[in-house]
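Worksheet: the structure to be examined is printed underneath.
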Amino acid sequence: MSRGLDARLAALRDAVALAEGRLEEAAVEPARAVVERAGERLGLGLESTVVALAGPTGAGKSRLFNALAGEALASVGRRRPTTSAAQAAVWGDAPDALLDWLGIARRHVREADGLGGLVLLDLPDFDSVESSHRAEAERVVGLADLVLWVVEPQKYADAALHDRYLRPLATHAEAMAVVLNQADLLDAGDVRAWRGDMERLLAADGLPRLPLLVVSAETGAGLDELRRLLESRVAARDAALARLAADLDRALEPLAAACGGEARGVRAEDRRRLLAALEDAAGVPLVVRAVAQAHARRGALAAGWPFARWLRRLRPDPLRRLRLPETPEVAGRTSLPAPTDVQRAQVASAARRLADGASTGLPEPWPRLAREAAVAAEGRVADRLDRAVTGADLRLAPPRWWRVAGALQRLLALAVLAGGAWLVALAVLAWLRVDDVVPLPELEGVPLPTLLLLGGAAAGLLLAWLARIANGAGAKRRARRAAKALRREVEQAADELVVGPLQAELDAREKLCRATARARRGHV
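Mapping of the sequence shown onto this note's numbering: residues 5 to 528, in sequence order.
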């Protein structure tokens, strides 16, 4: 049983660690206290069994304490309250460390006499007019291994007992019993009536199988049965384990309440909406257009008509204007405009919608935690998206055919220049009237200088036109590749900024619920 309880406590410890900062402190604190108290109690050993006599004013707890101890250890009188601080009767060797932990200063050592290991506590009245007495009773009740609720024939149905103690401790049936004292004031029929009525009240409290004992501290009737109960629990050495297991069950209830429902998870539609908002905020459409324009411009400069390239050079390179790197740079920065307020709002709205969809069906606080996780990195969106753009491989390397086309254009340009210069030289010779001296070669009846000038110009313009068509197609292809690369980077940013933190909260809930399930009685 100890190994099983150790495993359950370890699972509860895991659940507490996961619940910290997520669930309300009122739900976490009892479980944390159980883990701490269990560690302390188990560390003190199981050789001793702590039994507390608790009850209302006038129930005769001190008289019963003396009767079990066989000696007048506690003061008994008509003046109430009689007991102001808990005291202990110890059978056998006194477990001083345990008594120190219990905070019991008054200790009486008795002969073992079949009850070796029993630590019997006489507590102040839990309904005392003295608030310090009530606090002391509640403190020790929370630490005792076994609690005997001592009642008397007139006040056994009081709400103070049932509403404040028995009903809230419905999980502690193995760690409690009810003892009717002053049975000498009742006849056999009254005892049967009391037992039937008490069983009805206990069933309403959720404790239908709680042991009931009838005794008289005055005459000693029923004490043998009570002593046999104590002997069995002391011999079994399991009262502390049963109490801790019951405390654990009770502490699990608020944690288990947060594990209802089933998370839907991130929906594809909500993820697409988030990615679209992030792409817009990152300026992906602007970058894609810049890639296409830059490719067309650079293609024109590389393979266009050389005598018209200066017009292209008048326009700045779109990528350099935006300070977009030629190769991926993790720590680079661009000159892209920062996301507008509208774009930021769209990103936040898409993130909240993603969280709401993923946490649909879960109880609070998980929908709230999911939303908080999804928008927690809102202040880092602009910087992260800028790094996403600089980290994308836009594939801007020039195609090899540009070099061939450029070399051909230069040859054609030289042909045009040569033909033009030749014609100018011929014009000068004609003006000097010596043109007959210089021969004029022809090809198929066309003067070679004219052929060089017009043919070179026509071939260059045709090549430029073909290059423009090819560059247009290449620009579209480069734009598509750039868009895919940018979307991959934006998707990584979305996972880092929104989806990852959201999924971490959902995973934390799953781990918490699994730990809570492992901590349940009977699971281990």
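A virtual CB, placed ideally from N, CA and C, is assigned to each residue, including glycine.
Query: Distance CB(G365)-CB(R268) smaller than 8 Å; Result: yes
Query: Rounded straight-line distance, which links the Cα of L259 to that of A23; Result: 8 Å
Query: Within 8 Å, strictly: CB atoms of L612 and W309; Result: Outside the displayed range of the chain (5 to 528) lies residue 612, so it cannot be described from this structure.
Query: N- and C-terminal bounds of the alpha helix (DSSP H) containing T394; Result: 385-394
Query: Contact between the stretch 189-199 and the stretch 234-246 (3+ Cβ pairs under 8 Å); Result: no
Query: Residue from A349, V379, P367, P289 with nearest C-alpha to L340; Result: P289
Query: Span of the beta strand (DSSP E), counted from its first residue to its last, around A93; Result: 91-95
Query: Which listed residue (E222, H299, S66) has its alpha carbon closest to that of P320; Result: H299
Query: Inter-residue Cα distance where the pair is L490 and R324; Result: 17 Å
Query: Collapsed DSSP secondary structure at A471 in the structure displayed; Result: helix
Query: Three CB pairs or more closer than 8 Å across the stretch 449-465 and the stretch 406-416; Result: yes
Query: Beta strand (DSSP E) segment containing L415, residue limits; Result: Here L415 belongs to no beta strand (DSSP E); instead the alpha helix (DSSP H) covers 404-435.
Query: C-alpha distance - R45 paired with P172, whole-angstrom precision; Result: 22 Å
Query: Opening and closing residue of the alpha helix (DSSP H) in which H137 lies; Result: 135-145
Query: Where E446 sits in the DSSP three-state scheme; Result: strand
Query: V528 versus L50 - alpha carbon distance; Result: Reliability fails at V528, whose pLDDT of 45 lies under 50, so the model's placement of it is uncertain and the value that follows must be treated cautiously. Roughly 21 Å separates the two Cα atoms.
Query: Any C-beta of chain B under 8 Å from that of P332; Result: Absent here is chain B; the protein component of the structure consists of one chain.
Query: L455 - DSSP class collapsed to helix/strand/coil; Result: helix
Query: Distance CB(V292)-CB(A497) smaller than 8 Å; Result: no
Query: Proximity winner among A246, R375, L102, relative to T175 (alpha-carbon distances); Result: A246
Query: Terminal residues of the beta strand (DSSP E) in which A56 lies; Result: 53-58
Query: Stretch-stretch touch, CB-based, cutoff 8 Å, three pairs: the stretch 131-141 with the stretch 199-218; Result: no
Query: Cut-off 7 Å between Cβ atoms - residues of its own chain near E382, not counting five sequence neighbours on either side; Result: A352
Query: Counterpart residues of H112 in DSSP-defined beta bridges; Result: A93
Query: Cβ pair count under 8 Å reaching 3, the stretch 32-46 against the stretch 58-76; Result: no
Query: The beta strand (DSSP E) enclosing V151, as first and last residue numbers; Result: 150-155
Query: Helix, strand or coil at L27 [DSSP, three-state]; Result: coil
Query: Cβ contact check for the stretch 508-523 and the stretch 274-288: 3 or more pairs under 8 Å; Result: no
Query: G8 versus G43: straight-line alpha-carbon distance, rounded; Result: 14 Å
Query: Which of helix, strand or coil DSSP assigns to V528; Result: Caution applies to V528, whose pLDDT of 45 falls short of 50 and renders its modelled position unreliable; the value that the coordinates give is listed next. Coil at V528, not helix or strand.
Query: Cross-strand partners of V183 (DSSP beta bridge); Result: V154, L217
Query: Buried or exposed by the 16-neighbour rule on C-beta atoms within 10 Å, applied to E33; Result: exposed
Query: Touch test, the stretch 385-399 against the stretch 322-336, Cβ-Cβ under 8 Å, three pairs minimum; Result: yes
Query: Expected contact under 8 Å - CB spacing of V144 and L106 to nearest Å; Result: 7 Å
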